[in-house]
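Residue numbers (this note's numbering), protein chains in the order written: chain A, 53 to 464; chain B, 10 to 275; chain C, 112 to 384; chain D, 3 to 365. Where a beta carbon is used, it is the ideal one built from N, C-alpha and C, also for glycine. The model shown is predicted, which means the values in this text are computed figures rather than measured ones. Presented below is the structure to which this report refers.
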Amino acid sequence: MSDEDAGKALQKRLLGEYYQSLGDAGRSGQKVAYLFVPGNVVELLRCFDMLPVYPEINALQCGIKKMAGDLILRAENIGYSSDVCGYVKNDIGLMLSDRQSPFGPLPKPDLLVCNYSGCNTFVKWFEALAHFYGAELFVLDIPYLRERGPSTADIEYVVAQLEELADVCARTSGVPFDRERLKRVTSLSYAAEKLWVDVLHAARSRPSPFDAYFEAVFYMAPLNILRGTEGCVEYYRLLLEELVSRQKEGRGPVPEEKFRVVVEGPPPWPHFRSFWELFKRWGVCAVASTYSKVGGLFDQGVFHDPAQPMESIARYAMNSYTNWNLGLRLDLLRQYLREYEADALIIHSVKSCRSFSVGQADFRDVLAKEEGVPTLMVESDLADPRYYSEAQLKNRIDAFFESLAHRRLVGG
Amino acid sequence: MISAGIDLGAGTTKVLLYDADLAALGTVSVRTRPDLEATATEALLAACDAAGVRREDIAYVATTGYGRYQIPERDLQITEVTCHARGARHLFPDTRCVLDVGAQSSRAMRVDDRGRVIRFRMNDRCAAGAGKFLERVARALEIPLEELPAVALRSTDPQPISSICAVLAESEVINHISQGKPVEDILMGAHLSIADRVLALLRQVGADGEVALTGGLARNPAMVKALELRLGRPLHHSDHSPFAGALGAALLGQQRLAKRNAGGGA
Amino acid sequence: MRTYVAGADVGSTTAKVVILDGEGDIAGTSLGPTGASIVEAAQRRFQEAVKAAGIDEHEVEFVVGTGYGRFKIPFGHTQVTEISCHARGAHHLFPGTRTIVDIGGQDTKAISVNELGDVADFCMNDKCAAGTGRFLESAALTLGLPLEEIGPVSLRAARPLRITNVCTVFVESEIMSHMMKGETVEDILRGVHNAIAGRSISLLRRVGINPEISFTGGVSRNVGMVRALEDQLGLRVNVSPLSQFIGAIGAALFALERARGGKLVAAPVEGGT
Amino acid sequence: MRAWKEEHPSRRAVGAFPVYVPTELIQAAGALPIWLYGGGGSVEISHADSRIQSFVCSISRSTLELGLRGHLDVLDGLVFPSICDVARNLSGVWARNFPRMFVEFLHLPQNRRSPSAVPYTIAEYRRLLAGLERLCGKPVAPEDLRAAIHAHNENREAAWALLDARRRTPWATDAWETYAFLRAGAVLERETHTSLLRQALAAARERGRRPKDKVPVILLGAFCEQPPLDLIRAVEEAGCYILEDDLLLGSRWFRTSIPDGADPLRALAEAYVASSPPSSVSHYRGTPKQDLLPQRCRQLGASGVVFLTAKFCEPALYDQVLYKERLESAQIPYVHIEFEEKMSAVDTVRTQIETFVESVLFE
């Protein structure tokens with residue numbers, strides 16, 4: 053078995069076990085906590101043997117498996133507007149269909165942990181789930197990063213809430229809080245995070261051994277779902293080995309790497325493959341993306357720290373990409389363009405997620421007009437298949453790379 | 010006592026006369042002209058002629074439709090939603106859902122056992138879910154409007170039309186033409202795309218129970234078929250369906266008349 | 112034997128073919144409705160253009176297709192998007208141009224170009240056809256005027272109205288309600304033109320408004336639209352009598368580049384679908 | 003506004019984006035707080051389109067448009083509270099496009115059950131206050147803050163008096179009138195506005211109007227972006243008495259007076275944490291607001307609810323579903339209207355409201 057297969061096989065096995073445990077939750081009596089990916093506090097939940105369920109990940113899986121369209125309609129039938137987030141409607145649709153996900157049945161929540169990081173819709177989403185399920189809702193209020201780093205007051209506020217959340221978890225699960233265990237879990241998180249950063253940095257080489265957008269979204273799944281476990285660390289060790297060997301052989305995701313791009317915004321899940329193809333045919337490889345940072349900006353030096361577990365969870369939670377203010381996000385894009393020697397910036401603006409999309413046109417304005425970075429902005433949606441127009445996207449993507457290629461030709 | 014219901018729509022004006030013995034006397038439908046008042050008067054007189062009654066015999070005039078405020082001689086104006094619901098309930102007593110598909114807009118209503126509107130939704134911002142869309146498709150396919158249903162009903166393999174905008178949907182139609190798809194399949198696709206939009210409105214108000222179709226497109230058998238196909242069950246419709254608005258207005262006129270006679274007259 | 116190349120621009124409403132000689136001068140053009148068959152329309156335009164140039168079909172060395180129907184042009188050698196072609200064509204006619212606004216049947220584009228005529232940046236209208244050329248057609252139809260007349264009529268407006276709904280279908284009812292209120296056709300039409308100009312300019316702002324500005328596409332023949340754009344921009348815009356052919360000219364220029372032995376940048380073709 | 007600036011050349015003007023901003027702090031710093039409610043229907047969106055997408059609510063687009071056109075140059079600063087993703091990101095767009103302006107994003111606590119919410123709110127208010135002190139070039143003394151709280155208390159009291167009067171005798175005052183009086187406060191000094199409100203109340207009391215056969219309703223959903231005045235009138239003309247609404251909610255946020263005692267900043271923070279009204283933009287502290295609505299309808303004797311929500315306003319649109327569900331189980335009729343600042347078709351809205359009224363009135 054090659055390294056490549058080993059990594060894939062492990063991911064498949066680990067995620068398979070995870071979904072199995074969700075299916076078994078009813079029988080095993082394990083308590084179930086729903087939570088969001090950005091700024092999640094899964095380390096804390098693991099200390100109480102609680103099963104984490106990520107509605108966003110369920111929604112994106114439904115998108116890839118082409119179930120989203122029907123589920124979204126179900127939610128619209130009970131009154132959800134066509135203008136609100138497709139992820140939320142997808143999740144409500146799942147609830148209305150007895151939670152039959154592409155990977156089997158999902159358990160009901162015993163506790164809703166709304167880690168409100170970078171997305172106000174999270175609060176509305178879990179308020180709705182609390183309404184429909186009657187489950188307890190804990191809103192973990194995570195202050196927006198208004199300055200470059202969190203203030204002391206910000207940290208104190210989040211840590212105080214984490215302590216309150218630990219009490220709620222102990223009460224829900226019947227498991228007492230063991231701070232030593234939290235240290236062990238956070239050290240596993242740290243190990244995986246370090247390896248992940250090395251993975252991301254591998255894209256600095258030419259050609260890049262992997263696509264830091266279209267492939268990274270799969271590579272980051274274990275970090276978002278299994279963080280704080282041994283298996284997760286092992287997965288990233290294997291992945292890194294594989295990428296290093298690809299690097300040595302000069303192999304990348306496209307036969308010939310012609311354009312290196314930075315991608316901003318989430319992918320259109322229901323049309324993921326065809327969207328990727330539109331880029332691949334031009335020899336485009338993403339070398340960095342912001343979407344791969346929604347689960348944490350580890351490459352900016354924000355890690356879990358077993359020496360200060362609660363404080364590091366608080367810092368981590370405040371440093372998800374969408375919880376950064378727009379000035380910080382813009383600087384990050386500039387950094388990626390430079391650090392990964394990219395030729396262009398691609399912005400995929402999605403209607404569902406205002407947290408991502410409002411401000412992107414302003415990025416485009418600065419980067420394209422003032423700083424001369426070739427920038428393409430295209431619009432569709434991350435969850436709603438109705439907002440994807442293949443012909444239109446193709447036309448724009450072709451025109452963009454046509455002109456980039458032509459300029460390169462003329463420019464010598 | 011005779012009441013008149015006048016439904017002043019953007020395309021056509023419908024008049025229905027109703028007498029106290031609870032029976033419809035006659036109906037008239039004319040094209041709406043820019044002078045709404047003249048259109049209404051003309052249609053009302055034509056209805057009188059058809060029913061063999063005099064204008065003075067009409068004790069109550071209730072107006073509905075977008076021009077309902079433009080008729081000075083009205084006793085009362087009532088919205089088309091309320092009227093269509095009442096009219097549909099009268100025509101099909103067990104109906105709980107009413108779909109009114111017109112030229113410019115579509116509406117879905119949930120009604121109680123007396124025909125009172127409980128919930129309703131309208132599509133009035135985008136023409137993709139209304140009869141106007143069919144007119145444009147007909148133009149693109151160069152088929153006379155009146156032949157649309159017959160042609161569409163010959164379809165064996167309806168072509169999907171997914172665009173949200175009526176104009177862009179038109180280019181999907183053109184695309185299908187250029188790919189050599191049969192005209193009837195494209196047309197049925199257009200009917201189904203309207204059906205999808207209208208039924209989305211219906212689901213938002215609750216689609217269970219019997220469904221009645223009113224409005225101009227109720228007379229288009231291809232539209233009926235498309236709706237039934239997507240709904241998965243038959244729906245009520247009749248030749249009177251386009252007059253449901255006028256009927257509802259006339260019925261509510263009777264209600265007011267009865268009240269007036271019981272109260273003020275005595 | 113002299114060199115000839117062709118550019119074929121097959122859009123949603125009209126198909127255009129331009130033949131260029133080896134010097135880049137126009138040898139022949141043809142324009143007609145796209146209609147139901149893209150293949151037929153393209154073929155017919157090509158034959159007519161060749162005839163107009165007074166040459167034989169086989170004398171045309173290289174053909175570049177553009178426009179929505181570009182992948183269906185049977186005689187095309189390769190395809191370039193209409194965005195690149197419009198930029199190239201407009202730059203050829205107006206070498207000083209840095210910004211292009213193209214208003215077509217169902218889309219509007221704003222393109223910024225560099226001094227070589229290469230696309231630097233572009234933007235297009237989104238999901239719906241609100242505010243495009245089709246909107247003007249609807250307005251003309253509702254008012255019962257020929258499309259060619261609405262521009263000149265709009266110039267006679269005394270008090271332009273504000274048209275808020277730019278949905279191509281709903282403009283009909285908005286116009287009807289203005290008519291019922293006794294507003295003049297001139298004022299309504301000026302409002303219609305202003306509304307489209309406003310939307311187009313907001314697209315232009317996204318790529319930056321740098322003079323010279325060229326106005327291309329079928330709608331640029333409408334004097335009312337030219338005036339509305341100029342008034343709102345406070346700038347003069349270039350308009351060419353060949354405006355409808357600009358995409359095809361651009362495509363032909365790309366063909367010429369190829370015929371001269373240059374490498375042409377084009378998307379890989381996947382079986383012509 | 004410009005006139006006020008000319009009269010007070012040395013004073014600063016600081017904008018407040020809805021829904022709730024502690025404008026007491028702005029006043030205490032010596033600046034004039036200005037509530038921003040978008041551009042109404044009068045501003046064509048042309049510049050803002052290149053900065054934010056079309057699927058964003060009107061108020062964000064038109065406010066940015068006003069800014070980019072230079073119409074908000076009179077402002078020296080602008081405070082955005084944490085109400086939604088759009089407003090939050092808009093604060094970033096604003097900061098980049100208007101570098102000379104003082105732009106602050108205020109993170110109001112969403113977890114108001116936590117004991118740490120009050121200290122956090124105090125810290126957040128301190129941060130804002132420090133920025134305002136720098137902007138206005140003078141420190142804020144506790145008595146400045148007490149004076150500002152006092153002026154705001156009086157203002158809110160006068161606003162509620164007017165609204166309470168309308169609730170008791172809706173035929174005496176129209177909702178669009180009280181709305182216009184409250185809205186005037188957006189650009190006035192508190193004291194000036196308070197006396198205007200008191201005059202309005204006195205005038206309303208003298209009106210000899212008779213009650214009409216109308217349907218009493220609660221109007222909900224337009225707590226941030228404001229509907230066109232014509233739309234509020236259309237609701238009334240179509241046959242409704244609006245007993246209660248959440249229009250301009252932020253400017254009259256607290257129902258009771260805030261103590262202006264020893265620690266005014268703490269009092270202000272405690273009021274936010276403990277006494278905020280139910281709102282779609284702050285997570286509930288006790289009973290979810292949808293559970294309170296049927297009860298509120300019964301208390302007021304409202305026959306139904308008219309939801310006016312701004313198109314693309316996600317917080318309102320999510321809550322809408324939950325409200326509807328509760329109203330349906332309580333068999334309380336409702337109607338839902340989406341509006342935009344620039345609305346051409348008030349007729350359609352009128353039709354919808356009339357239908358709603360007819361469904362309540364006709365047997």
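- Burial of glycine 115(A) is indicated by the presence of at least 16 other C-beta atoms within 10 angstroms of its C-beta.
- Apart from the 5 residues on each side of it in sequence, glycine 176(C) sits with its Cβ closer than 6 Å to the Cβ of Ala119, Ile184, Gly187 and Gln190 in its chain, given in chain order.
- The alpha-carbon separation between glutamate 226(C) and glutamate 323(C) amounts to approximately 11 Å.
- Interface annotation, asparagine 447(A): not in contact with chain B, CB-CB separation never under 7 Å.
- Measuring C-alpha to C-alpha distances from leucine 184(D) to each of Phe57(D), Arg158(D) and Gly241(D) identifies Arg158(D) as the nearest.
- Counting only runs that start and end inside the region 100-153 of chain D, the beta strand (DSSP E) elements of at least 3 residues fall at 104-108.
- Look at the beta carbons and you see the region 34-49 of chain D touching the region 187-195 of chain D: at least three pairs across the two are nearer than 8 Å.
- For glutamate 294(A), the closest Cβ of chain C is not nearer than 7 Å.
- For asparagine 377(A), the chain D residues whose Cβ falls inside 9 Å of its Cβ are Arg90, Asn91, Ser93, Gly94, Ala97 and Phe107, in order along the chain.
- Shown here, cysteine 242(D) sits in a strand according to DSSP, grouped into three states.
- Look at glutamate 327(D): its C-beta is not under 7 Å from any C-beta on chain B.
- In the structure shown, the three-state DSSP call for tyrosine 373(A) is helix.
- If you check the CB distance, isoleucine 170(B) and glycine 198(B) come in under 7 Å.
- Contact annotation, tryptophan 173(D) with proline 218(D): C-beta distance approximately 10 Å; criterion of less than 8 Å not satisfied.
- Distance from the Cα of glutamine 228(D) is smallest, within the candidate group Gly210(D), Ile220(D), Cys242(D) and Asp247(D), for Asp247(D).
- Look at glutamate 172(C) here: in three-state DSSP terms it is strand.
- A contact between stretches requires three or more CB pairs, one per stretch, nearer than 8 Å, and the region 343-352 of chain A meets this requirement with the region 81-90 of chain A.
- Secondary structure at lysine 83(A): coil, using DSSP grouped into helix, strand and coil.
- Assignment of alpha helix (DSSP H) within the region 263-324 of chain C, counting only whole runs of 4 or more residues, yields 282-291 and 296-318 in chain order.
- At least one beta carbon of chain C lies nearer than 7 Å to the beta carbon of lysine 421(A).
- A distance of 7 Å or more separates the beta carbons of histidine 400(A) and valine 425(A).
- The C-alpha of tyrosine 78(B) lies about 14 Å from the C-alpha of threonine 357(D).
- By alpha-carbon distance to leucine 27(D), the top candidate from Gly79(D), Glu67(D), Thr353(D) and Leu233(D) is Gly79(D).
- With respect to the 7 Å criterion, leucine 26(B) and glycine 35(B) are classified as neighbours on the basis of their beta carbons.
- The beta carbons of alanine 198(C) and valine 230(C) sit about 5 Å from each other, so the pair counts as a contact at 8 Å.
- Collapsing the DSSP output to three states places alanine 120(A) in a helix.
- Listed along chain B, the residues sitting closer than 8 Å to glycine 131(A) by beta-carbon distance are Gln213.
- The Cβ atoms of alanine 396(A) and isoleucine 194(C) do not sit closer than 7 Å to each other.
- DSSP, read as helix, strand or coil, puts leucine 329(D) in helix.
- Closest in alpha carbon position to isoleucine 124(A), among Met147(A), Leu461(A), Pro104(A) and Arg303(A), is Met147(A).
- One Cα belongs to glycine 302(A), the other to alanine 273(A), and the distance between them is close to 25 Å.
- Below 8 Å, too few C-beta pairs join the region 113-129 of chain D and the region 430-439 of chain A to call them touching: fewer than three.
- Residues of chain D with a Cβ closer than 7 Å to the Cβ of aspartate 414(A) are, in chain order, Arg53, Val95 and Arg98.
- The Cβ atoms of tyrosine 196(A) and asparagine 371(A) lie no closer than 7 Å to each other.
- Rounded to the nearest angstrom, the gap between the Cα atoms of serine 331(C) and alanine 221(C) is 14 Å.
- Annotation for glycine 178(C): Asp120, Val121, Gly122, Glu193 and Gly358 place their beta carbon closer than 7 Å to its own, counting only its chain and skipping 5 residues before and after.
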